[in-house]
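Heads up: the protein sequence lines correspond to chains A, B and C, in order.
Heads up: the first sequence begins at 19 in the working numbering, then just goes up one per residue.
Heads up: the second sequence begins at 159 in the working numbering, then just goes up one per residue.
Heads up: the third sequence begins at 159 in the working numbering, then just goes up one per residue.
Here a beta-carbon is modelled for each residue, glycine too, at the ideal position from N, C-alpha and C.
Here the structure comes first, spelled out in structure tokens, and everything after it is commentary.
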Amino acid sequence: MEKESGKPFYFHPPWDILFNLERLRKINPWNIDIAFLLSSFLEEMERRASVDFRASGVALGSSASIYLMKSNLLLKLEEPPEVEPRQSAVDFVPPPLILPLRYELTTTTIQNLLEALDEALKSENLLPIRTPSKPILPPPEIMPTISMYLMEIEKEIERLTSKMLILSRRGEILSFSKLAEGLAKIEIIKVFLILLFMAHKGKITLWQQEDLGEIYITLNGAGAVRIEGDG
Amino acid sequence: MKAMANNSVLSAQIIQGKRKRASREDVETKLRLIEAALYVAGRPLDLKTLCSIVNSRSERKVQKITRMLIDEYKKRNTALEILELEDNRFVLQLKNECSDRVRRLAIRPLLTDGPLRTLSYIAYRQPITQKQVVEVRGKHAYRHISELVEMDLINRERNGRDFILRTTDYFADYFGLSRNVQTMKRQLKRIFDRRGEEKLPADGAARMQGQQSETLE
Amino acid sequence: MKAMANNSVLSAQIIQGKRKRASREDVETKLRLIEAALYVAGRPLDLKTLCSIVNSRSERKVQKITRMLIDEYKKRNTALEILELEDNRFVLQLKNECSDRVRRLAIRPLLTDGPLRTLSYIAYRQPITQKQVVEVRGKHAYRHISELVEMDLINRERNGRDFILRTTDYFADYFGLSRNVQTMKRQLKRIFDRRGEEKLPADGAARMQGQQSETLE
Numbered sequence: 019m020e021k022e023s024g025k026p027f028y029f030h031p032p033w034d035i036l037f038n039l040e041r042l043r044k045i046n047p048w049n050i051d052i053a054f055l056l057s058s059f060l061e062e063m064e065r066r067a068s069v070d071f072r073a074s075g076v077a078l079g080s081s082a083s084i085y086l087m088k089s090n091l092l093l094k095l096e097e098p099p100e101v102e103p104r105q106s107a108v109d110f111v112p113p114p115l116i117l118p119l120r121y122e123l124t125t126t127t128i129q130n131l132l133e134a135l136d137e138a139l140k141s142e143n144l145l146p147i148r149t150p151s152k153p154i155l156p157p158p159e160i161m162p163t164i165s166m167y168l169m170e171i172e173k174e175i176e177r178l179t180s181k182m183l184i185l186s187r188r189g190e191i192l193s194f195s196k197l198a199e200g201l202a203k204i205e206i207i208k209v210f211l212i213l214l215f216m217a218h219k220g221k222i223t224l225w226q227q228e229d230l231g232e233i234y235i236t237l238n239g240a241g242a243v244r245i246e247g248d249g
Numbered sequence: 159m160k161a162m163a164n165n166s167v168l169s170a171q172i173i174q175g176k177r178k179r180a181s182r183e184d185v186e187t188k189l190r191l192i193e194a195a196l197y198v199a200g201r202p203l204d205l206k207t208l209c210s211i212v213n214s215r216s217e218r219k220v221q222k223i224t225r226m227l228i229d230e231y232k233k234r235n236t237a238l239e240i241l242e243l244e245d246n247r248f249v250l251q252l253k254n255e256c257s258d259r260v261r262r263l264a265i266r267p268l269l270t271d272g273p274l275r276t277l278s279y280i281a282y283r284q285p286i287t288q289k290q291v292v293e294v295r296g297k298h299a300y301r302h303i304s305e306l307v308e309m310d311l312i313n314r315e316r317n318g319r320d321f322i323l324r325t326t327d328y329f330a331d332y333f334g335l336s337r338n339v340q341t342m343k344r345q346l347k348r349i350f351d352r353r354g355e356e357k358l359p360a361d362g363a364a365r366m367q368g369q370q371s372e373t374l375e
Numbered sequence: 159m160k161a162m163a164n165n166s167v168l169s170a171q172i173i174q175g176k177r178k179r180a181s182r183e184d185v186e187t188k189l190r191l192i193e194a195a196l197y198v199a200g201r202p203l204d205l206k207t208l209c210s211i212v213n214s215r216s217e218r219k220v221q222k223i224t225r226m227l228i229d230e231y232k233k234r235n236t237a238l239e240i241l242e243l244e245d246n247r248f249v250l251q252l253k254n255e256c257s258d259r260v261r262r263l264a265i266r267p268l269l270t271d272g273p274l275r276t277l278s279y280i281a282y283r284q285p286i287t288q289k290q291v292v293e294v295r296g297k298h299a300y301r302h303i304s305e306l307v308e309m310d311l312i313n314r315e316r317n318g319r320d321f322i323l324r325t326t327d328y329f330a331d332y333f334g335l336s337r338n339v340q341t342m343k344r345q346l347k348r349i350f351d352r353r354g355e356e357k358l359p360a361d362g363a364a365r366m367q368g369q370q371s372e373t374l375e
């Protein structure tokens, strides 16, 4: 046989599989009976009375590879994470337990409530800025009017000064009621504020003969006409 | 002919009997439902709530049935009683003479410390916005507020991007406070101030006994 | 002489009568106290606790009286029932057939269907890891578990990166189940099996009705 083909006997089936690593990798290792191959391989060598250690070594190496492939497959099959969770994910879920309804006297008293309030108020006091508990009211209409007015304060001072100058040249006594004559309430307030500004700047002097009485005005500085109040 | 007449009389009687039985059964069912409602709630319930429980539109009828239940309880020798309160509300409760001996068996608080503090703060400062409560009580207050709403202890009403919080009638009833917010706040303030003056026992056992059956003010 | 004899017979009878009345009154008082205790506690009470309430040393006597109370409740047509659980504990609660209509009135926020299913799963499979529960019940189970821990229905014990979950004694008491896990699981299995045999409504509302109204084991 050997001479016929020029190949050693183990290069023929069934033993050739042990000597062809390429084929070995493509074959399902479960289809290979290693015990049969190895024992028949040894028997054949004995029969031929020619022991080839190199061939035996290769045959053993291949057998070990087949064992390794088999055990790898076995281990893969036994790997639980792929299979197990799917099993438990469809585990029997019993119906919901229904809570029996029972009244239960609770222990919380008004005293507990007040103790809790005590604690809550402590942290309120720790707040840097107390938030106003009432919603902020829209500012009254007078506020924007006045602020607008204050922005034009200088203009208003000029206007009022010229008015006072006219009056004083006419020889009239400068009094608050004279300046406010015929004006709306808001305008009167404006005039009063302007007078305060002017007094603050030293442009005029305000004086009163009695508390809650008429306010008289004296213009100071250039063009000022000293006017005395009546009486 | 006579037999027929008799038959028809008989069937009329049967029908009438059936109807009576049906109506008696109906009343029985309603009695049991009202009893169940009062037991589970453990607080006064108004006629509107009781009507919704028994699926009836007639407050008068439900009031009548609840009064029957009161009589039933009076006839029984039992530790429990049902009372009709002034404003047509009904409550099932333990008779006073029994309560002292068994009160110690109550072990669970209505709320844990955190939510209780939030609740007390809302009661004291109401109406108050959710934002303000969270500022004082911290982020946890969001969870507390949900819990309190779920327990029907406070109401949450949308106000722009915020919510306005107020205590409910149930809150007032539970602590025996007035349902009128202004009166309630005065009551709280008064008890709170008085509390500061009094020396409480060191063990803190100065609990208001029987607060559910007493009304303050 | 005869009169005297009659008199003494009479007084003996009076004394005996008084004694009888006294003992009847005594039993009456105890009945009412036990009823009050069960009402206030809202959880199963053991004989030792009941003995302390009625000032009696004889558990046997107290058991007998409490069983009288059970009979009393059975005879009355009432929405409430008293059950004797295993290990000689007693509990007063609402009959199940009444509970659906009034559930919303309960003071405590009750668990919804989702957490209840997670709870029954944990009870049935305990001890079980949190990971396993989440795998079976989905991501929501994290929230359910927190809720159940907060309500003291389950325990969560750290185990490496995971947690081991178990039901608490409070859970066992609440549902009238044995505190012994093995027995409890048998009880649960029986309840679930019984539920399985019943024809359930098509909407899949596989609720465990009536499991509490029976004495378990």
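Open item on the list: I'd like the list of long-range same chain contacts for residue 247/C, defined as Cβ closer than 7 Å, with 5 residues on each side in sequence excluded.
Closed with: 202, 203, 204
Task: Integer Cβ distance of residue 252/B from residue 238/B, believed to fall under 8 Å - done: 6 Å
- [ ] Out of 209/B, 297/B, 280/B, state which residue places its alpha-carbon closest to the alpha-carbon of residue 314/B.
- [x] 280/B
TODO: Indicate whether residue 131/A and residue 323/B have their beta-carbon atoms separated by less than 8 Å.
DONE: no
TODO: Starting from the C-beta of residue 88/A, find all residues in its chain whose C-beta is less than 6 Å away, skip the five residues before and the five after it, and write them out in chain order.
DONE: 47
Task: residue 113/A and residue 278/C closer than 8 Å at C-beta - done: yes
Open item on the list: Residues of chain A with CB closer than 8 Å to the CB of residue 200/C, please, in chain order.
Closed with: 120, 121, 122, 123
Open item on the list: Quick check: what's the CA-CA separation for residue 393/C versus residue 249/C?
Closed with: Given that chain C is displayed from residue 159 to residue 375, the structure contains no residue 393/C and the question cannot be resolved.
- [ ] Alpha carbon to alpha carbon, how far is residue 76/A from residue 68/A? Give it in angstroms, no decimals.
- [x] 16 Å
Open item on the list: In the DSSP assignment, the alpha helix (DSSP H) including residue 236/C goes from what residue to what residue?
Closed with: Counting along the chain, residue 236/C falls outside any alpha helix (DSSP H), and DSSP gives it neither H nor E.
Open item on the list: Let's test the definition: count the other Cβ atoms within 10 Å of the Cβ of residue 170/C and tell me whether it reaches 16, buried, or not, exposed.
Closed with: exposed
Task: residue 241/B and residue 199/C closer than 8 Å at C-beta - done: no
Task: Within chain C, the residues that residue 70/A reaches when beta carbons sit closer than 7 Å - done: Correct list: empty, because the minimum Cβ distance to chain C is about 56 Å.
Task: Exposed unless 16 or more other CB atoms sit within 10 angstroms - verdict on residue 331/B - done: buried
Task: Any chain B beta carbon closer than 8 Å to residue 180/A - done: no
- [ ] Return yes when the Cβ of residue 211/A is within less than 8 Å of the Cβ of residue 217/A, no when it is not.
- [x] no
Task: the segment 333 to 348 of chain C: positions lying closer than 8 Å to chain A by Cβ - done: 333, 334, 346
Open item on the list: I want to see whether chain A comes within less than 8 Å of residue 279/C, judged by CB atoms only; does it?
Closed with: yes
- [ ] Whole angstroms is fine: what's the gap from residue 292/C's alpha carbon to residue 303/C's?
- [x] 9 Å
TODO: Check whether the Cβ atoms of residue 269/C and residue 305/C lie closer than 8 Å to each other.
DONE: yes
- [ ] Measure from the C-beta of residue 132/A to each C-beta in chain B and report whether the shortest distance is under 8 Å.
- [x] yes
Task: Extent of the continuous beta strand (DSSP E) run through residue 226/A - done: 222 to 226
Task: Where the alpha helix (DSSP H) through residue 326/B begins and ends - done: Premise fails: residue 326/B is in no alpha helix (DSSP H) and is neither H nor E.
TODO: Quick one: measure Cβ to Cβ for residue 175/A and residue 215/A, integer angstroms, because I've assumed they're closer than 8 Å.
DONE: 7 Å
- [ ] Compare the beta carbon distance of residue 52/A and residue 42/A with 8 Å and say whether it is the shorter of the two.
- [x] no
Open item on the list: Beta-carbon within less than 7 Å of residue 160/A's beta-carbon, same chain only, minus the 5 sequence neighbours each way: which residues are those?
Closed with: A caution first: residue 160/A carries a pLDDT of 47, below 50, which makes its placement in the model too unreliable to give a value.
- [ ] Closer than 6 Å by C-beta to residue 271/B: which residues in its own chain qualify, once you throw out the five before and the five after it? Chain order, please.
- [x] none
Open item on the list: So, for residue 32/A: in the same chain, excluding its five sequence neighbours on each side, which residues have a beta-carbon less than 7 Å away from its beta-carbon?
Closed with: 55
Task: DSSP state of residue 80/A mapped onto helix, strand, coil - done: helix
Open item on the list: Is the separation between the beta-carbon of residue 193/A and that of residue 222/A shorter than 8 Å?
Closed with: no
Open item on the list: Give me, in chain order, the residues of the same chain whose beta-carbon lies closer than 7 Å to that of residue 298/C; leave out the 5 immediate sequence neighbours on both sides.
Closed with: 272
Open item on the list: I need the DSSP call for residue 203/C, collapsed to helix, strand or coil.
Closed with: strand
Task: Proximity to residue 319/B [Cα-Cα], best of 189/B, 311/B, 287/B - done: 287/B
- [ ] Specify the secondary structure class of residue 212/B as computed by DSSP and reduced to three states.
- [x] helix
TODO: Determine the direct distance from the alpha carbon of residue 234/C to that of residue 233/B, and round the result to whole angstroms.
DONE: 12 Å
Task: Interface positions of the segment 255 to 285 of chain B facing chain A (Cβ-Cβ less than 8 Å), listed along the chain - done: 261, 263, 264, 265, 266, 267, 268, 269, 271, 274, 275, 276, 277, 278, 279, 281, 282, 283
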